[in-house]
Amino acid sequence: MNDALSGPGGAPEGDPLARLVARLAETAPGLRLETGPGTGAWAYDASNYRVPPRVVAFPRDADEVGAVLRACRETGVPLTARGGGTSMAGNAVGPGVVLDLSRSMHRVLEIDPAARTARVEAGTVLDTLRTAAAPHGLTFGPDPSSHSRCTIGGMIGNDACGNRSVRHGRTGSHVEALEIVTADGVRAVADHTGLHALDPADTQRVIRLEADVRRLIDAELAPIRTELGRIPRQVSGYQLHQLLPENGFDMARALVGTEGTCAVVTAATVRLVTLPAASALLTLGYDDVVDAAEDVPEILGWNPTAVEGMDEAIVATMRARRGPDSVTGLPEGHAWLYVELDGDDEAEVTTRAAALLDVLKARGRTTGGRVVDSAAERACLWRVREDGAGLAARLVDGGESWPGWEDAAVAPDRLAAYLRDFRALLAAHALTGVLYGHFGAGCVHVRIDFDLATDTGRAAARRFLGEAAALVVTHGGTLSGEHGDGRARGELLEVMYSRRLIRAFAAFKAAFDPDGLLNPGIIVAPAPLDAELALHTPQVRPVSTLFTFPHDEGFEGAVRRCVGIGRCRSDTGGVMCPSYRATGEENDSTRGRARLLQEMARGETVQDGWRSTEVRDALDLCLSCKACSSDCPVGVDMATYKAEFLHQHYRGRIRPRSHYSLGWLPLTSRLAGYVARPLNALLRGPLGRLLARLGGVTTRRTIPAFAPRRALRRVLREAESGTPSKALFFVDSFTRAFRPHVAGAARRVLADAGIPTTARDGLCCGLTWVSTGQLTVARTVMARTVAHLDDDGDDRPIIVAEPSCAAALKRDVPELLGTPAARRVADRVQTFTGALTDLAAPDWSPPPLPGDVVLQTHCHEYATFQTRRPADLLRRFGVRAVDEAEGCCGLAGNFGFEAQHHATSLAVADLALKPRLDRVDDATGTVVVADGFSCATQIDHLAGDRGVRALHLAELLDPAAVRPGETS
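See below:
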């Protein structure tokens, strides 16, 4: 716990927060609390709002939740419960205590296959539940696009739905019972028949509470029956109709969608559904989203599981960010529908999908369509849809868009008419909206280019939102279809509901929370929708940076890319974010770091700017893997932000020792080459361990052996092909210093593939100075390299064997230098894999390759050269099984050699790489391939004692290599 209870985020003696913390020390010893500037990440969710908490609590069980609630009631401190923090309506941020249930309360407590139910803690991520249920042929029906990081508690709070809501509806329909803690700390169970105390001592309190609610319902039967439950996606307000006599006084489902304003859910029993035996995906193209919506009623007659829509802006952004091959399988058009059908037999489902396509073609609206047969293509297409919110946030042209009216819903047969009127409303306000969503359920997500940074823009947004609310109500719709009302739409409930029903909502909350401490400002007595906006900032002093941030408005615009989508909090899929996956800490995620950097730019809770120790500490475990620049839907590049921060933080100050010992490695390794043999012997003895400690380097790793300088000269000479050069082979510092044999192998393979090269030695990409934040030196080194590579109009490709150095030349050099020459050089850079993919002779084929390969792709190659992947090349060359370790190796250049990072480095390796290495032995005949020097070194340290050695792809393909059955 941070005990500094004074200053920003803290509390002086006598402050309610200080009393609360003291009380919790007595009643919940061991409860983890965080205060101070480091809590800045919890001031945000995925909405437009920023509400800094005073303290963040991380309860381990329901008893600790109860202790926090009782302490809050005693001290008058408000409380907001939070799961994954992915709310787009601002219902996961609050001004007092934020109760983070995702950190420790995330267990699947029980799966009952016979009853098809599961009991889970509120902080359990949806995918964790789905993984636990899958072996029983079961899953949880609602599936929001944030399924890899949203929690069950958050889904209950919002009454979330998801892509397959046409079939499975809302979360509330799948809830059997809720285990709750009330505002006064009473534990109870809400089920289909009412409310029941868990502790007999609380029975009378619970009986009184239930009686109060029953009286309320009896008094308000008319508005509840006539105004609520009209359309399937009517999430706005409280679901009081679930308490009607004809619905059996279903307290569990009435509390679903209350957004943490009535009680804190600690666990839930939910109903599971059977996984389909077969499914088919049909993609349909349209000229616009209105045409797509016109076909929805016909499609619904075919009993689909999903009918999802999106417009062309999302697809264009995906292709621009991840390459043209990142979206395949879509027919021509400017808007698309995904239609998923399921059944017991794959052939029957596919036939039905083809028949539906024929019907829709005959209707004449679709521009084309196809049944997607490939499982890989289906997964790719679903990812485009699931990343919609992030992709729409920062578009190809650099424009920003925001939620706020991202969740309205109408009956599906009114969708086309609503969209037609809604687009006219956007045009009347000179706004642009990016449309996507659950068209089959009538729920439209839209991000709009509001100007929320100026008084004029905020006033315009308020006018638009008022008119949009009136419009959706005119169409018989709802303000919210699954995200909840939150801060974004609570004020607009009076447009949708009568005053009498609004008073009934207030009375319902008062029965549970008479002091109004639970998530204040949400639904009841709502905060103004334009209050606490994150973009409503004080005047921030412009900062001068060395990185140019060419795609953003400076550093502040770059860190503002993070809008809280939270994909970096996923445990699987992609590479981002290895440090979060190792520690589970919000401030070790890309999102947490970006939010703290945003706080630093604001200068309020983080007041010491570039000198901030809280920001430094949050960035400490960032491996600078760059995976976020690719995996993050909005393209956050934390490695670059970290480099800039370290440069500014240590400017004019003594740096960590490893910044000198490892950051200056290109220079010291060049010198080491002259005395490699005695130096290697020295480094392996006691003096070497002493030097490592003095340099901030862990002594638990073996320092790689330096190669004699003459070794590089020899291999380069031996690899000369005598053929006129078609490309430059850039000899990077790692290849030169530690594995010159890779340079020889690479040049032989390239020559054999019809790409003879000229070797270029003596230059450096500057990577190690970038990763340690020594940007002034990096710019000097890069400028020299660019000057040599850009001379005499040479436009030959530049091929780099080391992926991290190729990535630095491709991205860091132009973004740090910002010159036309730097951009020309960057445009020519290719990885070894990229060169063979793009430049090899059409009739070239490599020597025979093994059938099984374990592959560790370098993170920088994964992020920067996404469309030229070693795995694809190996498969093209006939490797039968490529087992790719999807994730960072954990060494990450200097990171894993720094003494304080050794444990985290190994923890990251345990996530993907080490389990694959553990399966490799002599009997398997499996070859391990890792082009990155860091990756190969980590593999040596993890499995070298078993004789496992990683080959560079060039070594595997080397025509001069000795293969099994051959003699040298």
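One rule links them: number in my numbering = place in the sequence shown (from 1) + 686. Glycine included, C-beta positions come from ideal geometry on N, C-alpha and C. Owing to the predicted nature of the structure, the values given are computational and were not obtained by experimental measurement.
Checklist entry - Do you know how far the Cα of A1156 is from the Cα of L1101? => result Locating residue 1101 in the sequence shown gives position 415, where the first residue counts as 1. Locating residue 1156 in the sequence shown gives position 470, where the first residue counts as 1. L1101 and A1156: Cα-Cα distance of roughly 16 angstroms.
Checklist entry - So H1335 is in the beta strand (DSSP E); what residue range does that whole segment cover? => result What you label residue 1335 is simply residue 649 of the sequence shown in a count that begins at 1. First-last for H1335: M1324 to H1335, but that is the alpha helix (DSSP H), not the beta strand (DSSP E).
Item to check | Proximal residues to D1529 (C-beta, below 6 angstroms), its chain only, five neighbours per side dropped | outcome: As a working mapping, residue 1529 is identified with position 843 in the sequence shown. Counting only Cβ-Cβ distances below 6 angstroms, and skipping sequence neighbours, we find nothing.
Next on the checklist: Applying the 10 Å Cβ sphere with the 16-neighbour rule, what's the burial state of H1638?
Outcome noted: On the sequence shown, position 952 is the one that residue 1638 refers to. Buried, by the Cβ-count rule.
Next on the checklist: Quick check on R1554: buried or exposed, where buried means 16 or more other Cβ atoms within 10 Å of its Cβ?
Outcome noted: Sequence index remark: in the sequence shown, residue 1554 carries index 868 (1-based). R1554 is buried by the Cβ-count criterion.
Checklist entry - What does DSSP give as the partner residues of R873 in its beta bridges? => result Locating residue 873 in the sequence shown gives position 187, counting from the first residue. In the DSSP output, where bridge partners are listed per residue, R873 has V867.
Item to check | Contacts around D1238, its chain only, beta-carbon distance under 6 angstroms, and the 5 residues preceding and following it disregarded | outcome: On the sequence shown, position 552 is the one that residue 1238 refers to. Same-chain partners within the cutoff: A1244.
Checklist entry - Among residues of its own chain, excluding the 5 on either side of L717, which ones have a beta-carbon nearer than 8 angstroms to its beta-carbon? => result As a first step, residue 717 is located in the sequence shown; it is residue number 31 there, counting from the start. Only L710, A743, F744, P745, R746, E750, A753 and V754 meet the Cβ criterion.
Item to check | Check whether G1321 and R1149 have beta carbons under 8 angstroms apart | outcome: Walking along the sequence shown from the start, residue 1321 turns up at place 635. Walking along the sequence shown from the start, residue 1149 turns up at place 463. Cβ atoms of G1321 and R1149: not closer than 8 angstroms.
Checklist entry - When the distance is taken between beta carbons, is V1301 closer than 8 angstroms to S1344? => result The residue given as residue 1344 occupies position 658 in the sequence shown. The residue given as residue 1301 occupies position 615 in the sequence shown. No; because the gap between Cβ atoms is not below 8 angstroms, this pair is not in contact.
Checklist entry - Along the chain, where does the alpha helix (DSSP H) that runs through W1068 open and close? => result Working through the sequence shown from its first residue, we reach residue 1068 at position 382. A1061 to E1072 is the span of the alpha helix (DSSP H), which, as asked, contains W1068.
Checklist entry - Under a Cβ-count criterion, where at least 16 other Cβ atoms within 10 Å of its own Cβ denotes burial, should E720 be classed as buried or exposed? => result The count along the sequence shown starts at 1 and reaches residue 720 at position 34. It is buried - the Cβ of E720 has at least 16 other Cβ atoms within 10 Å.
Next on the checklist: Let me check understanding here. Comparing Cα to Cα, which of Y1360, A1391, T879 and L1351 lies closest to A1694?
Outcome noted: Nothing can be reported for residue 1694: it is not among the residues displayed for the chain, which extend from 687 to 1654.
Checklist entry - How close, in whole Å, do the beta carbons of Y1266 and C1254 come, if the pair is a contact with beta carbons under 8 angstroms? => result Indexing the sequence shown from 1 puts residue 1266 at position 580. Indexing the sequence shown from 1 puts residue 1254 at position 568. So it is a contact: roughly 6 angstroms between Cβ atoms.
Item to check | Reference R1051; option with closest CA among P1364, E980, W988 and V1082 | outcome: As a position in the sequence shown, residue 1051 is number 365, starting the count at 1. Nearest C-alpha to R1051: E980.
Item to check | Bridge partners - S965, DSSP secondary structure assignment | outcome: Position 279 of the sequence shown, counted from the start, is the residue given in the question as residue 965. Answer is D1028, bridged to S965.
Checklist entry - By Cβ distance, which residues of its chain are closer than 6 angstroms to P739, with the 5 residues on each side in sequence left out? => result Numbered from 1 along the sequence shown, position 53 holds the residue referred to as residue 739. Closer than 6 angstroms at Cβ, skipping near neighbours: T725, W728 and V784.
Next on the checklist: Please report the straight-line C-alpha distance between D1558 and Y1183, rounded to a whole angstrom.
Outcome noted: Within the sequence shown, numbered from 1, the residue matching residue 1558 stands at position 872. Within the sequence shown, numbered from 1, the residue matching residue 1183 stands at position 497. For D1558 and Y1183, the distance between alpha carbons rounds to 56 angstroms.
Next on the checklist: If you follow the alpha helix (DSSP H) that G1152 is in, where does it begin and where does it stop?
Outcome noted: In the sequence shown, counting from the first residue as 1, residue 1152 sits at position 466. Unbroken alpha helix (DSSP H) run through G1152: D1141 to T1160.
Checklist entry - Per the contact definition of three or more C-beta pairs closer than 8 angstroms, is the stretch 1386 to 1403 in contact with the stretch 1450 to 1462? => result With a cut-off of 8 angstroms, the stretch 1386 to 1403 and the stretch 1450 to 1462 do not count as touching, because too few Cβ pairs lie within range.
Next on the checklist: Checking 8 angstroms against the spacing of the C-beta atoms, do L1067 and G1055 come in under that value?
Outcome noted: Taking the first residue of the sequence shown as position 1, residue 1067 is located at position 381. Taking the first residue of the sequence shown as position 1, residue 1055 is located at position 369. Going by C-beta atoms, L1067 is not nearer than 8 angstroms to G1055.
Checklist entry - Which same chain residues, not among the five before or five after G1123, have their C-beta less than 7 angstroms away from its C-beta? => result Locating residue 1123 in the sequence shown gives position 437, where the first residue counts as 1. Correct list, in chain order: G995, C1129, V1130 and H1131.
Item to check | Three CB pairs or more closer than 8 angstroms across the stretch 815 to 826 and the stretch 912 to 922 | outcome: No, the stretch 815 to 826 is not in contact with the stretch 912 to 922.
Next on the checklist: Am I right that V1615 and A1636 are in contact with their C-beta atoms under 8 angstroms? What's the rounded C-beta distance?
Outcome noted: As a working note, residue 1615 is residue 929 in the sequence shown. As a working note, residue 1636 is residue 950 in the sequence shown. V1615 to A1636, Cβ: 7 angstroms. Contact.
Checklist entry - Assuming N1205 contacts G770 under a Cβ cut-off of 8 angstroms, what Cβ separation, rounded to an integer in Å, is found between them? => result Reading the sequence shown from its first residue, position 519 is the one you call residue 1205. Reading the sequence shown from its first residue, position 84 is the one you call residue 770. Contact doesn't hold; Cβ gap of about 16 angstroms is too wide.
Next on the checklist: For V1540 and T1466, which I take to be in contact (beta-carbon distance under 8 angstroms), what is that distance rounded to the nearest angstrom?
Outcome noted: Translated into positions along the sequence shown, residue 1540 becomes position 854. Translated into positions along the sequence shown, residue 1466 becomes position 780. No, V1540 and T1466 are not in contact; Cβ-Cβ is about 39 angstroms, not under 8 angstroms.
Checklist entry - Does any residue of chain B bring its CB to less than 8 angstroms from the CB of H1161? => result Of the protein chains in this structure there is only one, and it is not chain B.
Next on the checklist: Does the distance between the C-beta of R1387 and the nearest non-hydrogen atom of the ligand NAD fall short of 7 angstroms?
Outcome noted: Absent from the structure shown: the ligand NAD. Ligands present: none.
Checklist entry - What separation, rounded to the nearest whole angstrom, lies between the Cα atoms of A1197 and N933? => result Numbered from 1 along the sequence shown, position 511 holds the residue referred to as residue 1197. Numbered from 1 along the sequence shown, position 247 holds the residue referred to as residue 933. Approximately 20 angstroms between the Cα atoms of the pair.
Checklist entry - For the putative contact between S1256 and R835, defined by C-beta atoms under 8 angstroms, what is the C-beta separation to the nearest angstrom? => result The residue given as residue 1256 occupies position 570 in the sequence shown. The residue given as residue 835 occupies position 149 in the sequence shown. With a Cβ gap of about 5 angstroms, S1256 and R835 count as contacting.
Checklist entry - Taking the alpha carbon of F1583 as the point to measure from, which residue in A1065, H1627, P1556 and Q1542 has its own alpha carbon closest? => result Within the sequence shown, the letter at position 897 stands for residue 1583. Closest in C-alpha terms to F1583, from the list A1065, H1627, P1556 and Q1542, comes H1627.
Item to check | Pair within 8 angstroms by beta-carbon distance, G827 and H854 | outcome: Against the sequence shown, residue 827 aligns to sequence position 141. Against the sequence shown, residue 854 aligns to sequence position 168. Going by C-beta atoms, G827 is nearer than 8 angstroms to H854.
Checklist entry - With C-beta atoms as the reference, is E1168 less than 8 angstroms away from R939? => result By 1-based counting over the sequence shown, the position of residue 1168 is 482. By 1-based counting over the sequence shown, the position of residue 939 is 253. Annotated as distal: E1168 and R939, with beta-carbon spacing of 8 angstroms or more.
Checklist entry - Near A767, which residues of its chain fall below 6 angstroms by C-beta distance, leaving aside the five closest residues on each side in sequence? => result Residue mapping note: residue 767 aligns to position 81 of the sequence shown, counting from 1. Cβ within range, chain order: L785, G946 and V950.
Next on the checklist: Using only the alpha-carbon positions, how far apart do E913 and S1490 sit?
Outcome noted: For the purposes of this step, residue 913 is taken as residue 227 along the sequence shown, with counting starting at 1. For the purposes of this step, residue 1490 is taken as residue 804 along the sequence shown, with counting starting at 1. For E913 and S1490, the distance between alpha carbons rounds to 60 angstroms.
Checklist entry - Quick one: what's got a C-beta closer than 7 angstroms to G1359's C-beta in the same chain, skipping five residues either side? => result Here residue 1359 refers to the residue found at position 673 when the sequence shown is read from its first residue. Excluding positions up to five away in sequence, the list reads F1392, A1393, P1394, R1395 and A1423.
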